[in-house]
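Residues in the sequence shown are numbered consecutively from 257, following my numbering. Quick notes on the structure that follows.
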Amino acid sequence: MDVSGVYTTKSMANLIDCIKLETHSSYPKTTRNKGLPQKVDISVWRALLRRLPTRSELDKHEIDLDTILCPLCNTNVESVEHILINCQEAAKIWELLAKWWNANIA
Ligand SMILES: [Zn+2]
């Protein structure tokens, strides 16, 4: 239901997005990319907010882990920046995915 009290599918979609995206006034608004699956779009938005459950983030929330090192390279702390940008082992996986999707990520 929107502010006028009228139910529309758009108002329900907005409500679901608010709940799923944990919308908060201090968070940047997501700019929905209609070309991406919603789970990918939400994951990108969560990465920007550093809300992906990387080992460094879990450690900050006092989750007991054996290690906070990246499970792919085992040399650096697993952070959002590391898994998405700096990890050479993750980069190999991104390259395989790009090849599978016929996408140019170079
Ligand atoms: Zn790594």
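For glycine and all other residues, C-beta sits at the position ideal for the given N, C-alpha and C. A quick note: this is a predicted structure, and the numbers were derived from the prediction, not measured.
Query, Result
"Alpha carbon of R307 to alpha carbon of I324, nearest angstrom", "16 Å"
"Contact belief for C329 with Q344 at Cβ below 8 Å, rounded distance in angstroms", "6 Å"
"The alpha helix (DSSP H) enclosing S312, as first and last residue numbers", "R311 to K316"
"contact_flag[the region 343–358, the region 301–315] where n(CB pairs < 8 Å) is 3 or more", "no"
"Beta-bridge partners of L325, as assigned by DSSP", "V333"
"Residue burial classification, E334 (beta-carbon count within 10 angstroms, cutoff 16)", "buried"
"Nearest-angstrom Cα separation, counted from E351 out to D315", "29 Å"
"Beta-carbon contacts of I361 that lie in its chain and below 8 Å, excluding the five residues immediately before and after", "W350, E351 and A354"
"Whole-Å CB distance - V336 paired with A359, under 8 Å assumed", "21 Å between Cβ atoms; not a contact."
"With 16 other Cβ atoms within 10 Å as the buried cut-off, status of I319", "exposed"
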